[in-house]
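Asker: Here the protein sequences come in this chain order: V and L.
Just so you know, we're using my numbering here: the first sequence kicks off at 22 and counts up by one.
Just so you know, we're using my numbering here: the second sequence kicks off at 22 and counts up by one.
Number of protein chains: 2
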Amino acid sequence: MHTIEVIFTPALLPHYVIQGKTVVVIDILRASSSMCVAFKTGVKKILPVSTPEECRMFKDFDFIIAAERNAQMVDGFDLGNSPFEYENPVLEGKSIAFTTTNGTKAIKQAKAMQAGAIVIGSFLNQNYLCNWLLKQNNDIVLLCAGWKDKYNLEDALFAGAVIEEIGASFKIEDDSALAAHFLFQQHKNNIHDLVKQSSHAKRFTFLHLQTDDVSYCLQQNTCSVLPIMEDEYLVAITAIAPLLGSATGSAVH
Amino acid sequence: MHTIEVIFTPALLPHYVIQGKTVVVIDILRASSSMCVAFKTGVKKILPVSTPEECRMFKDFDFIIAAERNAQMVDGFDLGNSPFEYENPVLEGKSIAFTTTNGTKAIKQAKAMQAGAIVIGSFLNQNYLCNWLLKQNNDIVLLCAGWKDKYNLEDALFAGAVIEEIGASFKIEDDSALAAHFLFQQHKNNIHDLVKQSSHAKRFTFLHLQTDDVSYCLQQNTCSVLPIMEDEYLVAITAIAPLLGSATGSAVH
């Protein structure tokens with residue numbers, strides 16, 4: 022039986038072995054949610070980039086450029102990190118270079134640590150993700166992007182939702198996975214109320230940002246896509262067929 | 022209003038500012054529990070030491086030497102990390118050099134990061150600790166020792182118990198504190214059942230160790246002592262009188 026683990030923040034990555042494992046990067050508010058929406062809209066590929074400076078350079082190579090820092094869009098970019106922005110049909114077929122405070126950083130760290138498949142999880146594609154994970158013959162790591170290397174509630178909550186859905190098919194050895202599952206069990210009937218208490222949702226309110234983003238990102242199973250890293254890009258799995266050795270699904274390029 | 026924060030593992034310390042704050046080091050299974058028992062027994066002082074090699078040297082300086090690694094006593098030492106060992110009346114008035122996998126390391130890291138007062142918390146001295154914390158005029162950090170820099174349930178549970186008892190008197194801004202409190206609220210009527218599921222308790226079973234240690238460490242308020250760092254040593258506060266500036270309590274040397 023394969024294992025399923027939860028890592029509460031990327032800062033804890035050095036204390037885990039993730040090489041060769043299937044890693045699900047979780048940044049509920051809002052990178053992993055926005056990425057799912059982007060692929061549902063028909064975006065061709067997303068390039069996760071470390072810094073706004075690096076991201077800006079891709080403008081010259083026919084990329085849409087998107088950057089968020091401290092929950093706000095960076096000046097001079099085409100897009101920020103609100104999922105509503107990624108519903109725009111003009112994005113169909115386009116390539117996006119994307120940098121965010123937590124999510125894209127976590128993706129790049131997982132890649133640097135030689136994870137196997139790296140995929141993106143959110144409430145929006147939960148069921149699609151879970152079905153795909155069940156078809157992998159591999160250990161699973163649920164990597165919460167957190168907030169600036171600290172634990173956050175909404176990412177842990179979603180890790181718990183995944184364990185609620187597929188945990189019975191895996192061996193759970195670590196306390197983080199148990200704690201995430203407990204959190205979800207405790208709050209599954211009122212996840213909006215829980216996430217509204219989170220530091221991240223309060224940050225949105227403080228910044229007078231579109232707090233509809235929170236409700237948007239807590240919708241379940243609105244996107245039948247799975248963003249997956251292929252080389253340096255995220256592309257979308259939209260059908261079940263072989264990919265990445267033991268993995269299943271076919272990427273749309 | 023002062024803040025109360027929870028840090029789930031010492032590996033996350035670099036992402037927090039703890040300078041000048043009152044830090045409670047929590048290593049329920051078993052260092053912080055054993056330290057409380059030791060001072061209840063009448064131990065004079067405890068020197069937290071980084072390595073068994075360093076600890077062994079103190080044998081020549083009239084210290085009792087105690088060392089635990091990977092949940093077991095290290096060969097050649099006087100004591101391991103079971104709270105039962107620290108009930109022995111022969112320890113009265115003695116000094117102990119003590120090294121453990123997680124607890125003493127967390128104490129030394131907090132000291133290196135210039136925490137204000139550093140005290141030791143466990144279920145055994147919970148009420149005594151909480152009363153003392155309420156009398157401090159300072160921000161509080163509940164630092165979970167975890168297991169080899171990973172999150173563990175029993176330390177997070179105790180952090181939640183402290184927040185349940187005194188959290189209303191503090192400002193809670195971080196998601197870790199909310200999550201610890203939720204965990205305690207969910208399990209407060211069956212903390213034994215929860216901790217038996219933890220990776221650490223399972224480790225005890227696997228090693229055929231005295232699993233009574235788990236039940237022992239989950240007793241509440243059996244020790245009216247508060248271990249506190251003074252210079253390089255832990256000493257015990259046993260009465261309420263001024264100490265450490267704004268702190269209250271008197272240390273017994």
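The C-beta atom is built at its ideal place from N, Cα and C for all residues, glycine as well.
Answer with buried or exposed for V/Leu-33, where buried requires no fewer than 16 other C-beta atoms within 10 angstroms of its C-beta.
Answerer: Within the first sequence, numbered from 1, the residue matching residue 33 of chain V stands at position 12. Per the 10 Å Cβ criterion, buried.
Asker: Helix, strand or coil: which one does DSSP assign to L/Val-64?
Answerer: Mapped onto the second sequence, residue 64 of chain L falls at position 43. It is coil, neither helix nor strand.
Asker: Taking just the CA atoms, how far does L/Val-246 sit from L/Val-162?
Answerer: As a working mapping, residue 162 of chain L is identified with position 141 in the second sequence. As a working mapping, residue 246 of chain L is identified with position 225 in the second sequence. Cα to Cα, the separation comes out at about 19 Å.
Asker: Exposed or buried, which one is V/Ser-71 when buried takes at least 16 other CB atoms within 10 Å?
Answerer: The sequence position of residue 71 of chain V within the first sequence is 50, counting from 1. Under this definition V/Ser-71 is an exposed residue.
Asker: Would you kindly work out how many angstroms separate the C-alpha atoms of V/Val-46 and V/Ile-39, rounded to a whole number?
Answerer: For this step, residue 46 of chain V is matched to residue 25 along the first sequence. For this step, residue 39 of chain V is matched to residue 18 along the first sequence. Rounded to the nearest angstrom, the two C-alpha atoms are 12 Å apart.
Asker: Could you tell me if L/Phe-82 is buried or exposed, where buried requires 16 or more neighbouring beta carbons within 10 angstroms of its beta carbon?
Answerer: Working through the second sequence from its first residue, we reach residue 82 of chain L at position 61. L/Phe-82 comes out exposed.
Asker: First and last residue of the alpha helix (DSSP H) that includes L/Cys-244?
Answerer: Stepping through the second sequence from its first residue, residue 244 of chain L is reached at position 223. Here L/Cys-244 belongs to no alpha helix (DSSP H), and DSSP marks it neither H nor E.
Asker: In the DSSP output, which residue or residues are listed as bridge partners for L/Tyr-254?
Answerer: Taking the first residue of the second sequence as position 1, residue 254 of chain L is located at position 233. Beta-bridge pairing links L/Tyr-254 to L/Glu-251.
Asker: Under 7 Å, Cβ to Cβ, is there at least one residue of chain L near V/Gln-13?
Answerer: No answer is possible for residue 13 of chain V: the residues shown for chain V start at 22 and end at 274.
Asker: Which residues in the same chain have their Cβ closer than 6 Å to the Cβ of V/Phe-60, if we skip the five residues on either side of it in sequence?
Answerer: Here residue 60 of chain V refers to the residue found at position 39 when the first sequence is read from its first residue. Once the five neighbours on either side are set aside, the close Cβ partners of V/Phe-60 are Val-246, Pro-248 and Ala-257.
Asker: Taking a contact to mean a Cβ-Cβ separation below 7 Å, would you say V/Glu-89 touches V/Asn-109 in this structure?
Answerer: Along the first sequence, one-based indexing puts residue 89 of chain V at 68. Along the first sequence, one-based indexing puts residue 109 of chain V at 88. Not closer than 7 Å, so no.
Asker: Starting from the C-beta of V/Ala-222, find all residues in its chain whose C-beta is less than 8 Å away, skip the five residues before and the five after it, and write them out in chain order.
Answerer: Within the first sequence, residue 222 of chain V is the residue found at index 201, counting from 1. Cβ neighbours of V/Ala-222 beyond the five flanking positions: Leu-50, Glu-175, Val-216, Thr-232 and Val-235.
Asker: Using a Cβ-Cβ cut-off of 6 Å (strictly less than) and excluding sequence neighbours within five positions of V/Leu-112, which residues of its own chain qualify?
Answerer: As a first step, residue 112 of chain V must be located in the first sequence, where it is residue number 91. Once the five neighbours on either side are set aside, the close Cβ partners of V/Leu-112 are Thr-62 and Val-64.
Asker: If we ignore side chains and look at the alpha-carbon of each, how far apart do L/Ser-105 and L/Thr-30 end up?
Answerer: In the second sequence, residue 105 of chain L corresponds to position 84, counting from 1. In the second sequence, residue 30 of chain L corresponds to position 9, counting from 1. It should be pointed out that residue 105 of chain L corresponds to Phe in this sequence rather than to Ser. The straight-line gap from Cα to Cα measures roughly 26 Å.
Asker: Should the region 124-131 of chain L be called in touch with the region 90-98 of chain L, which here means at least 3 C-beta pairs below 8 Å?
Answerer: Counting Cβ pairs under 8 Å, fewer than three are found: no touch.
Asker: Taking 7 Å as the CB-CB limit, is V/His-36 close to chain L?
Answerer: Start at 1 with the first residue of the first sequence, and residue 36 of chain V comes out as number 15. Taking Cβ atoms only, chain L reaches closer than 7 Å to V/His-36, which makes this a yes.
Asker: Rounded to the nearest angstrom, what separates V/Lys-126 and V/Asp-196 at their Cα positions?
Answerer: The sequence position of residue 126 of chain V within the first sequence is 105, counting from 1. The sequence position of residue 196 of chain V within the first sequence is 175, counting from 1. Taking the straight line from one Cα to the other gives about 24 Å.
Asker: Output needed in chain order: residues of the region 163-193 of chain V with a Cβ under 8 Å from some Cβ in chain L.
Answerer: The region 163-193 of chain V vs chain L, Cβ under 8 Å: Trp-168, Lys-169, Asp-170, Lys-171, Tyr-172, Asn-173, Leu-174 and Ala-177.
Asker: Is V/Glu-185 helix, strand or coil by DSSP?
Answerer: What you label residue 185 of chain V is simply residue 164 of the first sequence in a count that begins at 1. Helix.
Asker: Per DSSP, which residues does V/Gly-142 bridge with? Please list them.
Answerer: What you label residue 142 of chain V is simply residue 121 of the first sequence in a count that begins at 1. Beta-bridge pairing links V/Gly-142 to V/Ile-47.
Asker: Hey, could you find the ends of the alpha helix (DSSP H) L/Phe-205 is sitting in?
Answerer: Your numbering for residue 205 of chain L matches position 184 in the second sequence. Looking at the DSSP string, the run of the alpha helix (DSSP H) that includes L/Phe-205 is 196-208.
Asker: Using the rule of at least 16 other Cβ atoms within 10 Å of the residue's Cβ for burial, across every protein chain shown, is L/His-202 buried or exposed?
Answerer: Within the second sequence, residue 202 of chain L is the residue found at index 181, counting from 1. Buried.
Asker: Cutting at 7 Å between CB atoms, please list the residues of its own chain near L/Lys-171, excluding the five before and the five after it.
Answerer: Here residue 171 of chain L refers to the residue found at position 150 of the second sequence. Closer than 7 Å at the Cβ level, and outside the excluded window around L/Lys-171, lie Thr-30.
Asker: Give the residues of chain L in contact with V/Gln-218, contact being defined as C-beta atoms less than 8 Å apart.
Answerer: As a first step, residue 218 of chain V must be located in the first sequence, where it is residue number 197. Within chain L, the residues near V/Gln-218 are Leu-199.
Asker: Does V/Leu-33 get closer than 7 Å to chain L when you measure Cβ to Cβ?
Answerer: Looking up residue 33 of chain V in the first sequence gives position 12. With 7 Å as the cut-off, V/Leu-33 counts as an interface residue toward chain L.
Asker: By DSSP, does V/Leu-239 sit in helix, in strand, or in coil?
Answerer: Taking the first residue of the first sequence as position 1, residue 239 of chain V is located at position 218. Residue state, collapsed to three classes: coil.
Asker: Rounded to a whole number of angstroms, what is the C-alpha to C-alpha distance between L/Pro-35 and V/Gly-167?
Answerer: Position 14 of the second sequence, counted from the first residue, corresponds to residue 35 of chain L. Position 146 of the first sequence, counted from the first residue, corresponds to residue 167 of chain V. Computed Cα separation, rounded: 15 Å.
Asker: On the CB-based measure, 16 or more other CB atoms within 10 Å of its CB, does L/Gln-147 come out buried or exposed?
Answerer: Stepping through the second sequence from its first residue, residue 147 of chain L is reached at position 126. Buried is the call here.
Asker: So, under 8 Å CB-CB, V/Gly-142 and V/Leu-155 are touching, yes? Tell me the CB distance rounded to an integer number of Å.
Answerer: Mapped onto the first sequence, residue 142 of chain V falls at position 121. Mapped onto the first sequence, residue 155 of chain V falls at position 134. That pair is no contact at about 13 Å.
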